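Trainee:
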Amino acid sequence: MQSKGCFRVLCADFVTSDSGTGIVHTAPGFGVDDYSVARKYNIIVPDDPCVCVDDSGFFLDIVKDFSGKYIKDADPLIIHLLKDQKRLIRHDIFEHSYPMCWRSDTPLIYKAVNCWFIRVTDIKERLLKNNLESKWVPTFAQVGRF
């Protein structure tokens, strides 16, 4: 993970001054807009997506002060640390909607991960032909669903 170029002001069109200061923090490993602006200014590289939490939402060792802590449980600890270090100017709580898992009713965490995609449109006809030659269980899933 790079730290070169961090802690500076960057321009991004998703930041506006109609509510607040017009300055926001970014977390490139946790949001598309944040990731895009960090890439634009070469703060991060595609080979290092800034992953600092595991698949269950616990901070990795790279986050020294909060390693092993669940990210939502770490919020008050982070605020406390910032206060102790006299780096917190103001702390307010704003109510807003947050995406939740419909199965477990737990917060969904945006997280950059390495992934790859297949351009299915290029092989669509072959996929449809092979689909008809495959045995599907249950059979109703074979046509119209896949």
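For the numbering used here, add 1315 to where a residue sits in the sequence shown, where the first one is 1.
Backbone N, C-alpha and C fix where the C-beta goes; we use that ideal spot for every residue, glycine too.
Note that the structure is a prediction, hence the values are computed from the model and not measured.
1) One question on the structure: do Phe1322 and Asp1348 come within less than 8 Å of each other, judged by their Cβ atoms?
2) So, for Cys1367: in the same chain, excluding its five sequence neighbours on each side, which residues have a beta-carbon less than 8 Å away from its beta-carbon?
3) Given this structure, state the Cα-to-Cα distance separating Phe1455 from Lys1398, to the nearest angstrom.
4) With Met1415 and Leu1423 assumed to form a contact (beta carbons below 8 Å), what rounded beta-carbon distance in angstroms separates them?
5) Thinking C-alpha only, which one of Arg1418, Ala1342, Val1324 is nearest Thr1336?
6) In the DSSP assignment, what residue or residues form a beta bridge with Pro1343?
7) I need the straight-line Cα distance from Arg1354 to Val1452, nearest angstrom please.
8) Threshold first: 4 residues or longer. Then list the alpha helix (DSSP H) segments lying entirely within the stretch 1336 to 1408, N to C.
Mentor: Put simply:
1) Your numbering for residue 1322 matches position 7 in the sequence shown. Your numbering for residue 1348 matches position 33 in the sequence shown. No. Outside cutoff.
2) Counted from its first residue, the sequence shown places residue 1367 at position 52. The answer, listed in chain order, is Met1316, Gly1344, Phe1374, Leu1375, Ile1377, Val1378.
3) Along the sequence shown, read from residue 1 onward, the residue named residue 1455 stands at position 140. Along the sequence shown, read from residue 1 onward, the residue named residue 1398 stands at position 83. Near 59 Å, if we compare the C-alpha coordinates of Lys1398 and Phe1455.
4) Within the sequence shown, numbered from 1, the residue matching residue 1415 stands at position 100. Within the sequence shown, numbered from 1, the residue matching residue 1423 stands at position 108. About 6 Å; that satisfies the 8 Å criterion.
5) Locating residue 1336 in the sequence shown gives position 21, counting from the first residue. In terms of CA proximity to Thr1336, Val1324 leads the group Arg1418, Ala1342, Val1324.
6) Looking up residue 1343 in the sequence shown gives position 28. Paired residues: none, contrary to the question.
7) As a first step, residue 1354 is located in the sequence shown; it is residue number 39 there, counting from the start. As a first step, residue 1452 is located in the sequence shown; it is residue number 137 there, counting from the start. When the Cα atoms are used, Arg1354 and Val1452 turn out to be separated by approximately 44 Å.
8) At a cut-off of 4 residues, the continuous stretches assigned as alpha helix (DSSP H) that sit fully inside the stretch 1336 to 1408 are 1347 to 1355, 1386 to 1399.
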